[in-house]
Amino acid sequence: MNVDDTVTSIKNMEIRGAGRIARAAADAIGTMVRSKTWNNLEAMKKDVLDAKAKLIASRPTAVSLLNGVQFVLKGLNNCKSVEEAKELLTKNSDDFIKASNEAVERIGVIGSRRIKDGATIMTHCNSSAALECIKAAHRSGKKVKVYATESRPWRQGILTVNELAKEGIDVTLIIDAAVRSVMKRTDIVIVGSDTITSNGAVINKIGTSQLALAANEARVPFIVCGETYKISPQTLFGDMVTIEERDISEIIRKGEVPESVKVFNPVFDSTPAKYIDGIVTELGIVSPGSVYEIMIKQFGDMEFK
Ligand code: RUB
Numbered sequence: 001m002n003v004d005d006t007v008t009s010i011k012n013m014e015i016r017g018a019g020r021i022a023r024a025a026a027d028a029i030g031t032m033v034r035s036k037t038w039n040n041l042e043a044m045k046k047d048v049l050d051a052k053a054k055l056i057a058s059r060p061t062a063v064s065l066l067n068g069v070q071f072v073l074k075g076l077n078n079c080k081s082v083e084e085a086k087e088l089l090t091k092n093s094d095d096f097i098k099a100s101n102e103a104v105e106r107i108g109v110i111g112s113r114r115i116k117d118g119a120t121i122m123t124h125c126n127s128s129a130a131l132e133c134i135k136a137a138h139r140s141g142k143k144v145k146v147y148a149t150e151s152r153p154w155r156q157g158i159l160t161v162n163e164l165a166k167e168g169i170d171v172t173l174i175i176d177a178a179v180r181s182v183m184k185r186t187d188i189v190i191v192g193s194d195t196i197t198s199n200g201a202v203i204n205k206i207g208t209s210q211l212a213l214a215a216n217e218a219r220v221p222f223i224v225c226g227e228t229y230k231i232s233p234q235t236l237f238g239d240m241v242t243i244e245e246r247d248i249s250e251i252i253r254k255g256e257v258p259e260s261v262k263v264f265n266p267v268f269d270s271t272p273a274k275y276i277d278g279i280v281t282e283l284g285i286v287s288p289g290s291v292y293e294i295m296i297k298q299f300g301d302m303e304f305k
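Quick look at the structure:
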């Protein structure tokens with residue numbers, strides 16, 4: 001898919017989920033670099049940087065998008081010719097997509113070890129990484145039961161229940177307001193992440209922090225899954241994560257309430273580190289307090305800004 005179509009698909013949520021949008025953005029740059037011809041390196045760099053700007057603006061919260069694109073552009077400034085730059089960026093794009101898919105698979109294997117045979121799991125929204133843990137546990141022969149939240153307003157929970165049911169997993173759909181009540185029957189919560197900050201807080205679908213509070217109150221372990229490129233090095237320097245606000249038409253039909261009524265539609269929230277028992281990455285399970293070390297290991301040689 002070309003850059004503009006990818007941007008449109010990300011904006012209108014045809015492509016959604018932090019990992020998927022990062023892979024789509026990497027693929028869009030790879031496709032552009034493969035298919036276009038340039039007379040000089042400066043012209044190519046300009047197009048690539050324009051594409052980067054459009055792609056990273058398509059959804060503001062998931063740092064996976066920025067990190068994925070940065071990965072593809074890594075080394076561009078050292079290239080001496082268009083041919084060299086094309087070869088490098090094409091390889092970077094393929095490498096990122098491969099590594100990203102492998103990371104999800106690895107997270108599934110590692111995270112599944114935290115799921116006991118007979119466990120009842122609660123999940124929120126639709127996270128490939130979180131669902132991979134549940135599927136891997138199921139495939140390894142563990143009997144699991146899942147409560148999946150509806151995740152208003154986009155109802156990504158419908159995707160989740162379909163995906164899990166297809167695998168033959170015992171899954172129950174609940175409304176978001178049922179979280180605290182159903183937590184009593186839950187052994188472990190597993191969710192995904194859009195951005196992980198340097199102090200171990202996790203930004204994920206709106207409502208995630210409610211699951212975390214309810215889990216904390218009920219002494220239920222709260223596990224987050226995130227590929228290491230969900231970590232935001234910028235947060236180390238005080239940058240705040242922008243919480244995306246989407247159109248109110250996602251919540252309310254025109255004319256349903258008087259014009260004077262304000263409607264607010266933030267689509268992500270932040271869960272502080274103190275409510276998180278572990279972050280499952282492709283490198284292993286880390287405590288939220290160890291995010292900084294992982295960040296340095298993974299991003300040490302990259303430009304943070
Ligand atoms: C999706 C969402 C997911 C994370 C992680 O929100 O919050 O939990 O993106 O997903 P949206 P993954 O539907 O608004 O994009 O593990 O697939 O990267």
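Here the sequence shown is numbered in this note's numbering, starting from 1 and rising by one per residue.
All residues carry an ideal CB built from backbone N, CA and C; glycine is no exception.
> On the three-state DSSP scale, how would you describe V280?
Replying inline: strand
> Is K230 helix, strand or coil by DSSP?
Replying inline: helix
> What is the DSSP secondary structure of F304, counted as helix, strand or coil?
Replying inline: Low local confidence applies: a pLDDT of 49 at F304 is under 50, so the model's placement there is unreliable, and no value is given.
> For the beta strand (DSSP E) that D269 lies in, which residues bound it at each end?
Replying inline: 268 to 271
> Can you name the residues that DSSP bridges to L173?
Replying inline: A148
> Hey, V63 and S93: beta-carbon distance below 8 Å or not?
Replying inline: no
> Where I56 and I134 are concerned, what is the direct C-alpha to C-alpha distance, given to the nearest angstrom?
Replying inline: 30 Å
> Got a sec? Which residues, its chain only, sit under 8 Å from I15 by beta carbon, not counting five neighbours each side?
Replying inline: T6, S9, I21, A24
>> Let me make sure I understand the geometry here. Which of F268, N12, N162 has the alpha-carbon closest to that of L131?
In response: N162
> Sorted by chain position, which residues of the same chain lie with C-beta nearer than 7 Å to G255's C-beta, five sequence neighbours on each side aside?
Replying inline: none
> How big is the Cα-Cα spacing for E227 and V257?
Replying inline: 41 Å
>> Let me check you understand the geometry: is the CB of C225 closer than 7 Å to at least one non-hydrogen atom of the ligand RUB?
In response: yes
> Residues bridged to K205 by DSSP?
Replying inline: F268
> Count the other CB atoms within 10 Å of the CB of R106; is the residue buried (16 or more) or exposed (fewer)?
Replying inline: buried
>> For A218 and S151, what's the separation of their Cα atoms in angstroms?
In response: 21 Å
> Roughly how many angstroms lie between the CA atoms of A178 and I188, to the nearest whole one?
Replying inline: 16 Å
>> Assuming V359 and V146 are in contact, meaning their beta carbons sit under 8 Å apart, how far apart are those beta carbons, in whole angstroms?
In response: Because the chain is modelled from 1 through 305, residue 359 falls outside the range shown and cannot be assessed.
> Is the segment 234 to 247 in contact with the segment 113 to 128, if contact means three or more CB pairs nearer than 8 Å?
Replying inline: no
> What does E14 pair with, by DSSP beta-bridge criteria?
Replying inline: DSSP lists no partner for E14.
> According to DSSP, which residues form a beta bridge with V191?
Replying inline: V224
>> For the ligand RUB, I want to know if A62 counts as a neighbour, meaning its beta carbon is within less than 7 Å of at least one of the ligand's heavy atoms.
In response: yes
>> At a cut-off of 7 Å, would you count D94 as near the ligand RUB, judging by its Cβ distance to the nearest heavy atom?
In response: no
>> Am I right that S112 and S140 are in contact with their C-beta atoms under 8 Å? What's the rounded C-beta distance?
In response: 6 Å
>> For K11, would you say it is in contact with chain D, using Cβ-to-Cβ distances shorter than 8 Å as the test?
In response: This model lacks chain D altogether; it includes just one protein chain.
> Hey, is A130 close to the ligand RUB, as in C-beta under 7 Å from one of its heavy atoms?
Replying inline: yes
>> Is the beta carbon of C225 closer than 8 Å to that of S100?
In response: no
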